[in-house]
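What follows is a set of notes on a single structure, which appears directly below.
As structure tokens, this is what we get:
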């Protein structure tokens with residue numbers, strides 16, 4: 001099913017047939033947001049289920065008022081000029097803040113002059129219980145001049161847009177791929193109720209496609225015209241981003257496609273690692289705002305070679321307890337994320353082990369090397385040119401192990417309980433399994449643990465992943481690596497999970513593909529961890 005969102009936002013002034021004037025609230029531009037000088041209340045239904053888009057001064061018995069005196073630029077979606085004949089100003093005697101002549105940005109070049117009227121309609125998002133909803137307001141902004149050009153007034157609308165969309169652009173073109181069965185069957189409803197209204201209010205050009213079957217998204221993105229979009233947003237769990245990245249990888253123009261399109265997630269599934277790591281949230285309305293406002297960044301992908309076929313991974317690969325908890329509990333999907341916790345608990349208490357041979361090309365081995373690598377690569381350039389050569393594999397999976405790779409001690413690998421590699425810090429809400437993961441440092445993070453570790457030690461270690469402090473436990477082998485090969489010794493009763501998808505429990509090889517995709521990062525970095 002395909003559909004488009006009408007990008008014309010709802011406006012109280014445009015839709016009303018009432019001839020009465022609407023009050024314009026006096027405001028000034030601050031460094032980080034718009035400061036409203038006048039007392040202002042908007043209304044919402046007491047149950048929080050709806051909110052009118054506009055300035056409300058009359059409350060019914062089913063509504064409650066909310067004070068708004070500050071609008072962060074980060075939450076502003078659109079701005080437009082307003083016909084002054086439709087409004088009336090509030091008297092300056094109602095000020096409760098100093099005059100805007102005292103307001104200036106850190107360079108001191110913007111000043112208030114004569115308090116001239118410049119009316120704009122601001123559409124922004126505000127909190128409504130646990131999510132965001134769009135709201136509009138009419139403001140009288142004090143006229144400001146640029147000292148470098150004393151005779152030319154700054155265009156207020158352009159100025160607010162520049163502050164609201166730093167390092168990005170408004171009104172993006174977005175392809176939304178929705179898994180209607182995601183989130184225990186609630187994915188489509190979640191998108192329509194909490195995400196779609198924000199895209200509409202932001203005047204984004206949006207095309208919606210619903211996936212109809214497994215790997216349908218691969219087919220969709222293989223055949224799209226990449227010039228029609230800025231972003232592919234996956235309203236799903238982590239499965240659709242996995243499909244999108246693999247679909248783009250299969251294109252003949254893949255370098256051009258990955259340079260043109262940023263991939264992101266609108267969390268609607270039981271696993272929302274991309275959104276947790278990139279947007280810093282698992283709630284869809286907040287992720288929608290981040291999709292509109294976040295900056296682009298290039299990231300490393302991982303190439304998995306198995307049976308002479310290459311699969312692209314953006315998130316993780318695992319065998320052992322973690323993999324089993326991921327792919328062997330699908331029959332418990334109705335439980336949501338708790339199914340993963342149950343699977344891990346079962347693996348720990350049964351002392352399950354997965355004998356294998358592991359060969360690794362290390363980037364760091366010791367905790368000191370890990371710390372130095374993290375801090376020296378923390379502020380790498382966000383955006384790099386993606387080239388076709390970036391997708392070329394450095395290591396042949398069908399040849400002998402390279403001489404500079406190391407075989408992990410078989411005393412550990414014959415008793416392996418957890419083998420988990422990842423490229424993003426959060427694998428689920430409050431689970432920072434890879435707290436030192438960085439977008440484009442050319443490495444992936446590795447966690448290994450011996451199944452013989454006592455349960456009394458394993459339990460507190462696994463309970464500490466919400467803080468990322470598990471990596472400091474002596475029982476955890478944590479390092480940054482460039483590539484590895486894993487060869488199971490017993491192929492029965494084992495599981496291999498790649499980005500949450502089940503693969504044959506058989507020999508495979510993985511290597512990092514540096515700077516091969518674009519994503520969106522809230523505030524220009526992965527979500528904060530405790531490292």
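In UniProt numbering, the protein residues as written are 1 to 531. Just so it is clear, CB atoms sit at the ideal spot from N, CA and C, and this is done for glycine as well.
Item                                                                                                                                                                                             : Value
Could you tell me whether the segment 468-479 touches the segment 495-514, using the rule of 3 or more Cβ pairs below 8 Å?                                                                       : no
Name the residue from 486, 197, 23 whose alpha carbon lies nearest to the alpha carbon of residue 420.                                                                                           : 486
My output table needs one value for residue 359: the three-state DSSP class, helix, strand or coil.                                                                                              : strand
Going by beta-carbon coordinates alone, are residue 231 and residue 262 separated by less than 7 Å?                                                                                              : yes
Would you mind reading off the limits of the alpha helix (DSSP H) that contains residue 367?                                                                                                     : 367-376
For residue 223, count neighbouring Cβ atoms within 10 angstroms of its own Cβ and tell me buried if that reaches 16, exposed if not.                                                            : exposed
Do residue 290 and residue 282 have their CB atoms nearer than 7 Å?                                                                                                                              : no
Return helix, strand or coil for residue 474, following the three-state DSSP convention.                                                                                                         : coil
Go through its chain and collect everything with a Cβ distance to residue 3's Cβ below 7 Å, but skip five positions before and after it.                                                         : 208
Tell me whether residue 245 is buried or exposed, calling it buried when 16 or more other Cβ atoms sit within 10 Å of its Cβ.                                                                    : buried
Determine the DSSP secondary structure at residue 266, reduced to helix, strand or coil.                                                                                                         : strand
Mapping the DSSP letters down to three states, classify residue 257 as helix, strand or coil.                                                                                                    : helix
Below 8 Å, how does it come out for the segment 302-313 and the segment 175-182: are there three or more Cβ pairs, yes or no?                                                                    : no
Measure the CB-CB distance between residue 425 and residue 193 and report whether it falls below 7 Å.                                                                                            : no
Closest to residue 171 by CA distance: which of 204, 311, 162 is it?                                                                                                                             : 204
Quick one: complete alpha helix (DSSP H) runs, 4+ long, within the segment 137-201?                                                                                                              : 156-164, 182-185, 187-190, 196-201
So, with DSSP's three-state summary, where would you put residue 454?                                                                                                                            : coil
On the DSSP bridge assignment, give the partners of residue 132 in chain order.                                                                                                                  : 127
Pull up the CB-CB distance for residue 541 and residue 451, whole angstroms please, since I reckon it's below 8 Å.                                                                               : As shown, the chain starts at 1 and ends at 531. That puts residue 541 outside it, with no answer to give.
Pull up the DSSP beta-bridge partners for residue 302, would you.                                                                                                                                : 313, 512
When burial is assigned at 16 or more other CB atoms within 10 Å of the CB, is residue 118 buried or exposed?                                                                                    : buried
Identify, in the order they occur along the chain, each residue of the same chain with its Cβ nearer than 6 Å to the Cβ of residue 319, setting aside the five sequence neighbours on each side. : 354, 419, 496
Using 7 Å as the threshold, is the C-beta distance between residue 215 and residue 243 below it?                                                                                                 : yes
Excluding the 5 residues preceding and the 5 following residue 287 in the sequence, name in chain order all residues of the same chain whose CB lies nearer than 6 Å to its CB.                  : 266, 267, 275, 279, 281
Helix, strand or coil, according to DSSP, for residue 350 in the structure here?                                                                                                                 : coil
Contact check, residue 363 vs residue 481 under 8 Å by CB: the rounded distance?                                                                                                                 : 6 Å
By the 10 Å Cβ neighbour count, where 16 or more other Cβ atoms means buried, how is residue 212 classified, buried or exposed?                                                                  : exposed
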